[in-house]
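Take a look at the structure below.
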Amino acid sequence: MTDTTRRAVVFGAGGAGLAAVLTACAAYGQPTGEAAVDAAADAAEEPPAEESQAAPKKKKEPKALAETADIPAGEGAIFDKQKVVVTQPVEGEFKAFTATCTHAGCTVAEVVGGTINCPCHGSKFRIEDGSVAEGPATEPLAEKKITVSGGKIRLG
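Numbering (numbering that gives the first Met the number 0), first residue to last: 0 to 155.
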């Protein structure tokens with residue numbers, strides 16, 4: 000008989016354990032049995048992704064800022080969360096500008112008497128084009144792109 004050392008026993012047991020772990024990991028997440036056969040059959044029946052006849056996904060419209068009826072002609076509304084102000088200088092014509100004053104970076108606070116007014120230093124901007132009506136600001140409010148359809152006003 001051969002002498003079996005403790006080192007040989009430990010080595011043999013460790014190797015067997017390692018083999019079991021590696022075998023288990025190799026199959027992890029892969030279907031087995033009938034599920035494997037079903038998955039293989041499904042994969043064989045599906046056309047490649049580029050040949051798929053799936054309908055193109057519709058682009059989701061951004062959430063409406065407001066209804067057109069919410070902004071009377073000659074006035075406007077400020078949307079703090081979006082940092083935008085929307086105006087209706089004349090009936091049916093909507094404009095949008097950044098709500099950040101170009102003088103000191105404050106958020107404008109009101110739209111009154113045909114101007115967008117900043118509370119920090121008194122700057123006023125025209126609702127028609129965002130240009131400076133009264134300083135200390137010297138630069139106009141940047142225009143923002145909006146879409147108006149179906150009685151809704153959306154950014155973008």
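Cβ coordinates follow ideal geometry from the N, Cα and C atoms, glycine included.
If you're wondering where the values come from, they're calculated on a predicted model, not measured in any experiment.
- Message: What does the alpha-carbon distance come out to for the pair K102 and D69?
- Response: The count along the sequence shown starts at 1 and reaches residue 102 at position 103. The count along the sequence shown starts at 1 and reaches residue 69 at position 70. Correcting the residue type first, residue 102 is His in the shown sequence and not Lys. Computed Cα separation, rounded: 29 Å.
- Task: Buried or exposed for V36, please, with buried defined as at least 16 other CB atoms from any protein chain shown within 10 angstroms of its CB.
- Result: Your numbering for residue 36 matches position 37 in the sequence shown. Only weak support is given to the placement of V36: the predicted model assigns it a pLDDT of 47, under 50, and the value that follows is read from those uncertain coordinates. Exposed is the call here.
- Nearest CA to the CA of G121: which residue from A76, A72 and E109? Reading the sequence shown from its first residue, position 122 is the one you call residue 121. Measuring from the Cα of G121, the nearest candidate turns out to be E109.
- Task: Measure the C-alpha to C-alpha separation of E138 and V131 and round it to an integer number of angstroms.
- Result: Looking up residue 138 in the sequence shown gives position 139. Looking up residue 131 in the sequence shown gives position 132. Approximately 7 Å, taken between the alpha carbons.
- Message: To test your reading of the DSSP string, which unbroken alpha helix (DSSP H) runs of 4 or more residues are found completely within the segment 55-97?
- Response: none
- According to the Cβ coordinates, are T67 and G134 closer than 8 Å? Position 68 of the sequence shown, counted from the first residue, corresponds to residue 67. Position 135 of the sequence shown, counted from the first residue, corresponds to residue 134. Contact: no.
- For V131, three-class secondary structure by DSSP: For the purposes of this step, residue 131 is taken as the residue at position 132 of the sequence shown. Three-state result, V131: strand.
- Query: So is A141 buried or exposed if we call it buried at 16+ other beta carbons inside 10 Å?
  - Reply: To locate residue 141, count along the sequence shown from 1; it is residue 142. Exposed.
- Can you name the start and end residues of the beta strand (DSSP E) that T114 belongs to? Taking the first residue of the sequence shown as position 1, residue 114 is located at position 115. Run containing T114: T114 to N116, per the beta strand (DSSP E) assignment.
- Item | Beta-carbon separation (whole angstroms), V89 vs A72, contact threshold 8 Å | As a first step, residue 89 is located in the sequence shown; it is residue number 90 there, counting from the start. As a first step, residue 72 is located in the sequence shown; it is residue number 73 there, counting from the start. Confirmed, about 6 Å.
- Who does S122 pair with in a DSSP beta bridge? Taking the sequence shown and counting its residues from 1, the one referred to as residue 122 is at position 123. According to DSSP, which records beta bridges pairwise, S122 is partnered with nothing at all.
- Item | Outcome for V111 when other beta-carbon atoms lying within 10 angstroms are tallied against a minimum of 16 | Translated into positions along the sequence shown, residue 111 becomes position 112. The residue in question, V111, is exposed, as its Cβ has fewer than 16 Cβ neighbours within 10 Å.
- Span separating the alpha-carbon of C119 from that of T146: Translated into the one-based positions of the sequence shown, residue 119 becomes position 120. Translated into the one-based positions of the sequence shown, residue 146 becomes position 147. Going from the Cα of C119 to the Cα of T146 covers about 30 Å.
- Task: Could you tell me the boundaries of the beta strand (DSSP E) in which E109 lies?
- Result: Residue mapping note: residue 109 aligns to position 110 of the sequence shown, counting from 1. It spans E109 to V111 - the beta strand (DSSP E) in which E109 sits, taken as one unbroken run.
- Item | Contact check, I152 vs V85, beta carbons under 8 Å | For the purposes of this step, residue 152 is identified with residue 153 of the sequence shown, where counting begins at 1. For the purposes of this step, residue 85 is identified with residue 86 of the sequence shown, where counting begins at 1. Yes, Cβ-Cβ distance for I152 and V85 is below 8 Å.
- Message: Taking the beta carbon of T114 as the centre, do at least 16 other beta carbons fall within 10 Å, making it buried, or is it exposed?
- Response: Taking the sequence shown and counting its residues from 1, one reaches residue 114 at position 115. That one is buried.
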